[in-house]
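Trainee: Numbering of the sequence shown is given in full-length UniProt numbering, commencing with residue 1 and proceeding in unit increments.
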Amino acid sequence: MGSHLSSEVMGAFRQSQVFGEITTITFDRLMAKVKELNDICQCLTDTKNRRLMFEVCATSETPVLWKSEVRILCRKAGAGDGQARLLTLRQFLHTYHTIKAYYSAAASSGVADMCSSTLFSGVLGTELEECCICMEHRPEVTLPCTHSYCLRCIEQWNVSNTTCPLCREEFESTNETWVISEAPESSEVLSEMQKALSKLPEQKSSPS
1 MGSHLSSEVM GAFRQSQVFG EITTITFDRL MAKVKELNDI CQCLTDTKNR
51 RLMFEVCATS ETPVLWKSEV RILCRKAGAG DGQARLLTLR QFLHTYHTIK
101 AYYSAAASSG VADMCSSTLF SGVLGTELEE CCICMEHRPE VTLPCTHSYC
151 LRCIEQWNVS NTTCPLCREE FESTNETWVI SEAPESSEVL SEMQKALSKL
201 PEQKSSPS
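(1) Taking the alpha-carbon of Val64 as reference, which of Phe92, Gln83 and Thr26 has the nearest alpha-carbon?
(2) Only counting the same chain, and skipping five residues up and downstream in sequence, which positions put a Cβ closer than 8 Å to that of Arg51?
(3) Where does Thr162 sit, in a helix, a strand or coil, going by DSSP?
(4) Tell me the DSSP secondary structure of Val70 in three-state form.
(5) Look at Leu93 and Glu170 and say whether their C-beta atoms are less than 8 Å apart.
(6) List the whole-angstrom C-beta distance separating Tyr149 from Val159, where the pair is believed to meet the contact cut-off of C-beta under 8 Å.
(7) Tell me, which residues are paired with Tyr149 by DSSP?
(8) For Pro39 and Arg90, what's the separation of their Cα atoms in angstroms?
(9) Looking only at C-alpha atoms, which of Glu155, Met53 and Ile154 sits nearest to Ile99?
(10) Quick check on Leu44: does DSSP put it in helix, strand or coil?
(11) Apart from the five residues on each side of it in sequence, which residues of its chain come closer than 8 Å, Cβ to Cβ, to His137?
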């Protein structure tokens, strides 16, 4: 109970810290934080020696708007699965303070592997909560490479690009995308699996 409350208090503290920081941060200071976080993540690798890497990949040409339009790419270095996510300034600053807190805890307890695992699942979580381009709408379509975006963002992107914004895999048009539907109930999934398995013995093997 106490640890749960303390984690909530720390979370609220980090949120207030982030909001205050957004108003005063400069672009140069952001670049310094990205470098600092990359240095920290060199010490936070998983069992396959993979780590998180951050890179400023999009910003505004208008100085007044850069804080709302800047995006920081977070990806797994050394991973072949293409896991990556675009972060807004607010999300990056929250991630920055979270990772520093994890790093401090890992350094004092000697459980860096567990810390890294938590970071990967937290920062690069697979929950489809929001489009990683606009960070506002829920993902509605999935490209052949399996990265997901809201329909508005990917259609605007596809006007002048034929690659996935994250992994740069080619796709012809949004006609190749898959529409994301609501997840079925577990009972429905089990029922469909049972039907498919029951038909396996009836299927004839294809001629060699």
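Idealized CB from N, CA, C, for every residue including glycine.
Mentor: This is what the structure gives:
(1) Residue numbering aside, residue 64 sits at position 64 when the sequence shown is read from its first letter. Closest by alpha carbon: Thr26.
(2) Along the sequence shown, one-based indexing puts residue 51 at 51. Cys41, Gln42, Leu44, Thr45, Lys76, Ala77, Gly78 and Ser116.
(3) Counting from 1 along the sequence shown, the entry for residue 162 is found at position 162. Coil, per DSSP.
(4) As a position in the sequence shown, residue 70 is number 70, starting the count at 1. Here Val70 sits in coil by DSSP.
(5) Here residue 93 refers to the residue found at position 93 when the sequence shown is read from its first residue. Here residue 170 refers to the residue found at position 170 when the sequence shown is read from its first residue. Taking 8 Å as the Cβ cut-off, Leu93 and Glu170 do not qualify as a contacting pair.
(6) By 1-based counting over the sequence shown, the position of residue 149 is 149. By 1-based counting over the sequence shown, the position of residue 159 is 159. Taking C-beta atoms under 8 Å as the contact rule, Tyr149 and Val159 fail to qualify, at a distance of about 14 Å.
(7) Mapped onto the sequence shown, residue 149 falls at position 149. Per DSSP, Val141.
(8) Locating residue 39 in the sequence shown gives position 39, counting from the first residue. Locating residue 90 in the sequence shown gives position 90, counting from the first residue. What sits at residue 39 in the sequence shown is Asp, not Pro. If I take the Cα positions, the gap works out to 20 Å.
(9) Translated into the one-based positions of the sequence shown, residue 99 becomes position 99. Ranking the options by Cα distance to Ile99, first place goes to Met53.
(10) Taking the first residue of the sequence shown as 1, we reach residue 44 at position 44. Looking at Leu44 - three-state DSSP - the assignment turns out to be coil, as it is neither helix nor strand.
(11) The count along the sequence shown starts at 1 and reaches residue 137 at position 137. Non-local C-beta neighbours of His137 in its own chain, meaning closer than 8 Å and more than five positions away in sequence, comprise Glu130, Cys131, Cys150, Arg152 and Cys153, ordered along the chain.
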